[in-house]
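Everything below concerns the one structure shown next.
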Amino acid sequence: MIQVKQLNVDYFGHKALTDVDLEIPMGFSEGIIGPNGAGKSTLMKAMLGIIPSQGQVHYMGKDIRENLRKIAYVPQKNELDLTFPITVEDTVLTGTYPKLQLFKRPGKNEREIVDLCLEQVSIQDLRKKQISNLSGGQLQRVFIARALAQQADVFFLDEPFVGIDLKSETIIVDILRKLRSEGKTILVVHHDLHEVESYFDRLLILNKKVVAEGTVKEVFTNKNIQEAYGGSLGNIQIKGLGD
Ligand code: ADP
Ligand code: MG
1 MIQVKQLNVD
11 YFGHKALTDV
21 DLEIPMGFSE
31 GIIGPNGAGK
41 STLMKAMLGI
51 IPSQGQVHYM
61 GKDIRENLRK
71 IAYVPQKNEL
81 DLTFPITVED
91 TVLTGTYPKL
101 QLFKRPGKNE
111 REIVDLCLEQ
121 VSIQDLRKKQ
131 ISNLSGGQLQ
141 RVFIARALAQ
151 QADVFFLDEP
161 FVGIDLKSET
171 IIVDILRKLR
181 SEGKTILVVH
191 HDLHEVESYF
201 DRLLILNKKV
211 VAEGTVKEVF
221 TNKNIQEAYG
231 GSLGNIQIKG
241 LGD
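No gaps in the numbering here: position 46 of the sequence shown is 46 in the UniProt record's numbering, and each next residue is one more.
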């Protein structure tokens, strides 16, 4: 499991996360929801040690920093420099780097992994294109392919479905289902409450602190959503919401 103990994140005196305690079991897909600014992206980055935090994060009983190779991370789109001059296939190839030994260059084996991953997200024909020329959905598929190339056990995805077309969403959802059926652990920051029930086994509701965490059935309730979002949702009907 992934265990988070008393995680606190502070941005120049502004508290983004307070006393986060979590025990995330392996082998499930888990959604992370909460209003804008709730600290969802901050939580992922702090768990991966990308930003400074206080507290501990353990993966299978050890400091998570000893095992980052096992975790693939796709950041939120607005955090990436999409003007960076790199082709689709080279982007996916960088996913194989964590597994390469020191001073080794990617070879035939890595090229084969790239081919397979491009195929899985149906972008073989775009392999020579610059990433700056892709649509939102194509781009997200490239980053999913890169994550697949890492051959990780755990996947952290920050809002993978934002700004993408339906075809891309379907492809990515199918891949996540397949990974889940292979026993991988998938954590997804998600913005759309309507799909929570169909996409995830478990749910973390966050608003600077943990509002609730557990199976979707346990925690996807009106009371918890109200607590996290307050009045900001208005009077909408949400599919699959308990009570
Ligand atoms: P979410 O992903 O849930 O929308 P974030 O984790 O991006 O929320 O941000 C949580 C809070 O921390 C917000 O108030 C945001 O403005 C602030 N924040 C995020 N990143 C930084 C940063 N690099 N410097 C200062 N404040 C930040
Ligand atoms: Mg975010």
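For every residue, glycine included, the Cβ atom is placed at its ideal position computed from N, Cα and C.
In angstroms, rounded to a whole number, what distance separates the CA positions of residue i and residue j?
| i | j | result |
| --- | --- | --- |
| F103 | A228 | 47 Å |
| K208 | K108 | 46 Å |
| V196 | D21 | 22 Å |
| R180 | G27 | 7 Å |
| Q237 | A38 | 22 Å |
| T221 | N133 | 42 Å |
| I175 | I144 | 9 Å |
| K99 | R65 | 15 Å |
On the criterion of 16 or more Cβ atoms from any shown chain inside 10 Å, does residue i qualify as buried, or is it exposed?
| i | result |
| --- | --- |
| E79 | exposed |
| D153 | buried |
| T170 | exposed |
| E119 | exposed |
| K15 | exposed |
| S168 | buried |
| H190 | buried |
| S29 | buried |
Would DSSP call residue i helix, strand or coil?
| i | result |
| --- | --- |
| S198 | helix |
| G240 | coil |
| F143 | helix |
| residue 280 | With the chain covering only 1 through 243, there is no way to say anything about residue 280. |
| L204 | strand |
| E218 | helix |
| Q130 | strand |
| V121 | coil |
| K86 | The sequence given here has Ile at residue 86, not Lys. Coil at I86, not helix or strand. |
Among all the DSSP beta bridges, which residues are the ones paired with residue i?
| i | result |
| --- | --- |
| H14 | Y11 |
| H58 | Q3 and D63 |
| E227 | Its beta-bridge partners do not exist; DSSP assigns none. |
| T185 | V154 |
Find the nearest neighbour of residue i within the set the options, judged by alpha-carbon distance.
| i | options | result |
| --- | --- | --- |
| I131 | G95, C117, I86 and Q101 | I86 |
| K239 | V216, G27 and A149 | V216 |
| V210 | L166, S198, T18 and Q150 | T18 |
| G230 | I113, A147, G34 and T91 | G34 |
| L82 | D201, G136 and S232 | G136 |
Would you say residue i faces chain D, with C-beta separation under 8 Å as the test?
| i | result |
| --- | --- |
| D165 | Among the chains in the structure shown there is no chain D, since it carries only a single protein chain. |
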